[in-house]
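S.K.: The working numbering numbers the first residue of the sequence shown as 8 and each following residue consecutively.
Glycine included, C-beta positions come from ideal geometry on N, C-alpha and C.
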Amino acid sequence: MQDIRDIFFNNVKNTFKKDKDFYILTNDADVHALRILRSEKRFIDAGVAEQNLINIASGISKRNSTALIYGFCTFLTFRCYEQIKFSLASHNSNCKIVGIGPGYSFPNDGPTHHGIQDIYLMYLIPEMEIYNIADNNLANVVSKKINQIKGPAYIRLDKGIQNYNKNINYNLHDGFNLILNNKNKKNLIISSGYFCNLAVEEAKLTSKVSVINLFKLKKFNEKKLIREVNKYKKIIIYDESTISGGISPILISLFNKYDIKIKVQILASPDIQLFKYSLERLDILKHLKIYKSNLRKYF
Numbered sequence: 008m009q010d011i012r013d014i015f016f017n018n019v020k021n022t023f024k025k026d027k028d029f030y031i032l033t034n035d036a037d038v039h040a041l042r043i044l045r046s047e048k049r050f051i052d053a054g055v056a057e058q059n060l061i062n063i064a065s066g067i068s069k070r071n072s073t074a075l076i077y078g079f080c081t082f083l084t085f086r087c088y089e090q091i092k093f094s095l096a097s098h099n100s101n102c103k104i105v106g107i108g109p110g111y112s113f114p115n116d117g118p119t120h121h122g123i124q125d126i127y128l129m130y131l132i133p134e135m136e137i138y139n140i141a142d143n144n145l146a147n148v149v150s151k152k153i154n155q156i157k158g159p160a161y162i163r164l165d166k167g168i169q170n171y172n173k174n175i176n177y178n179l180h181d182g183f184n185l186i187l188n189n190k191n192k193k194n195l196i197i198s199s200g201y202f203c204n205l206a207v208e209e210a211k212l213t214s215k216v217s218v219i220n221l222f223k224l225k226k227f228n229e230k231k232l233i234r235e236v237n238k239y240k241k242i243i244i245y246d247e248s249t250i251s252g253g254i255s256p257i258l259i260s261l262f263n264k265y266d267i268k269i270k271v272q273i274l275a276s277p278d279i280q281l282f283k284y285s286l287e288r289l290d291i292l293k294h295l296k297i298y299k300s301n302l303r304k305y306f
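#1: Look at the alpha carbon of residue 33 and the alpha carbon of residue 239, and state the distance between them as a whole number of angstroms.
#2: Residue 243 and residue 196 look like a contact to me (Cβ under 8 Å); what is the Cβ gap, rounded to whole Å?
#3: DSSP has residue 139 in a bridge; who is on the other side?
#4: For residue 297, count neighbouring C-beta atoms within 10 Å of its own C-beta (all shown protein chains included) and say buried if the count is 16 or more, exposed if not.
#5: For a test of the three-state rule: what should DSSP assign to residue 55, helix, strand or coil?
#6: Starting from residue 251, trace the beta strand (DSSP E) in both directions and tell me its first and last residue.
#7: Taking the Cβ atom as the reference point for each residue, do residue 247 and residue 114 lie within a distance shorter than 8 Å?
#8: Out of 280, 277, 141 and 273, state which residue places its alpha-carbon closest to the alpha-carbon of residue 305.
#9: Would residue 204 pass as a contact of residue 14 if the rule is Cβ separation under 8 Å?
#10: Per the DSSP calculation, residue 272 is bridged to which residue(s)?
#11: In the structure shown, what three-state DSSP assignment does residue 182 receive?
#12: Pick helix, strand or coil for residue 74, following the three-state DSSP scheme.
#13: Thinking C-beta only, is residue 187 closer than 8 Å to residue 152?
#14: Once DSSP output is grouped into helix, strand and coil, what is the label at residue 219?
#15: Quick check on residue 60: buried or exposed, where buried means 16 or more other Cβ atoms within 10 Å of its Cβ?
#16: Using CA atoms only, rank isn't needed, just tell me which of 84, 54 and 22 is closest to residue 44.
#17: Per DSSP, residue 33 is paired with what?
#18: Buried or exposed: which applies to residue 117, given that a residue is buried once 16 or more other Cβ atoms fall within 10 Å of its Cβ?
#19: Out of 160, 269, 111 and 27, which one is the CA nearest neighbour of residue 194?
#20: State the beta-bridge partners of residue 197 as determined by DSSP.
#21: Can you pull the DSSP bridge partners for residue 102?
#22: Just curious, the alpha helix (DSSP H) that residue 38 is in, first and last residue?
#23: Can the beta-carbon of residue 166 be found less than 8 Å from the beta-carbon of residue 11?
#24: Use the C-beta contact count for residue 143: other C-beta atoms within 10 angstroms, 16 or more gives buried, fewer gives exposed.
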């Protein structure tokens with residue numbers, strides 16, 4: 008079993024070796040699969056200088072090359088937001104920002120490393136596409152097709168072995184997949200990223216819940232998603248990000264656009280900064296009352 012990061016970055020490494028116009032940049036972050044490339048001229052470690060890092064990537068992209076940046080998601084979004092918005096996105100630069108450590112995946116480092124607001128922050132940039140990778144299967148699909156994703160994109164990448172959806176045939180055009188389909192069309196959980204795993208585990212305990220993984224957060228197939236949503240009596244948005252910083256405002260806006268009358272409930276992180284340094288990820292979820300068992304009261 009491979010770590011989701013190894014799957015993603017091994018494919019990136021293969022692309023780097025084949026494509027001489029493909030550059031990798033980082034802000035002093037270490038990835039095991041890419042260590043062998045650090046001596047290459049097209050591998051650039053800009054150090055802890057995220058604003059400069061983005062500007063370098065922008066310059067590379069303007070030469071008809073592809074720039075892939077990786078580092079902790081909080082540092083690659085908040086610290087250099089203006090550079091991303093104007094140096095990259097406004098030029099539609101062919102640059103991919105890979106944010107490691109979404110959600111509470113690095114729990115012991117506190118709020119500086121809690122990636123719980125970065126989704127909507129990047130969503131606010133008009134040109135930016137967002138991919139939120141939930142499992143090994145999707146990590147493999149997205150990383151193998153990295154050169155087919157044109158323009159600026161933000162890719163969130165978790166850690167660990169996330170191998171629960173190996174039989175799903177992910178469709179990058181649609182941007183979502185029904186990853187658990189129960190015949191009883193009563194409750195539908197829409198989730199993204201790591202929480203998809205928890206949603207599936209909890210939904211399997213009942214026969215009245217289905218689960219959708221919404222992994223592409225901007226140019227997804229809206230009408231197809233709405234057709235699926237309309238089959239159910241209740242929608243539960245389940246998100247590790249905050250209520251205002253994740254997929255919740257994206258989906259609520261979509262439902263308003265299509266005048267959806269179905270009952271919608273949200274289970275997501277509260278809008279707080281969590282100064283807890285001794286809790287593991289699952290302990291944090293339980294502390295915040297957003298663990299999978301907290302879903303039960305919704306169906």
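M.R.: To lay it out plainly:
#1: Between the C-alpha atoms of residue 33 and residue 239 there is a straight-line separation of about 44 Å.
#2: Your pair residue 243 and residue 196 checks out as a contact, with CB atoms roughly 5 Å apart and the cut at 8 Å.
#3: Under DSSP, residue 139 forms a beta bridge with 163.
#4: Under this definition residue 297 is a buried residue.
#5: The three-state reading of DSSP puts residue 55 in coil, since its state is none of H, G, I, E or B.
#6: Element bounds for residue 251: n/a, residue is neither H nor E.
#7: Residue 247 places its beta carbon 8 Å or farther from that of residue 114.
#8: Of the listed residues, the one whose Cα sits closest to residue 305 is 273.
#9: In this structure, residue 204 keeps its C-beta atom at 8 Å or more from the C-beta atom of residue 14.
#10: According to DSSP, which records beta bridges pairwise, residue 272 is partnered with 243.
#11: Three-state result, residue 182: coil.
#12: It is a strand residue.
#13: Result no, Cβ atoms of residue 152 and residue 187 do not sit closer than 8 Å.
#14: Residue state, collapsed to three classes: strand.
#15: Around the CB of residue 60, 16 or more other CB atoms lie within 10 Å, so the residue is classed as buried.
#16: Considering only 84, 54 and 22, the residue with the shortest C-alpha distance to residue 44 is 22.
#17: According to DSSP, which records beta bridges pairwise, residue 33 is partnered with 52 and 77.
#18: Its Cβ having fewer than 16 others within 10 Å, residue 117 is exposed.
#19: Among 160, 269, 111 and 27, the Cα nearest to that of residue 194 belongs to 269.
#20: Its beta-bridge partners are 219 and 244.
#21: DSSP output for residue 102 lists 74 as bridge partner(s).
#22: Element bounds for residue 38: n/a, residue is neither H nor E.
#23: For residue 166 and residue 11, yes; Cβs fall inside 8 Å.
#24: A residue is called buried when at least 16 other Cβ atoms come within 10 angstroms of its Cβ; residue 143 meets this threshold and is buried.
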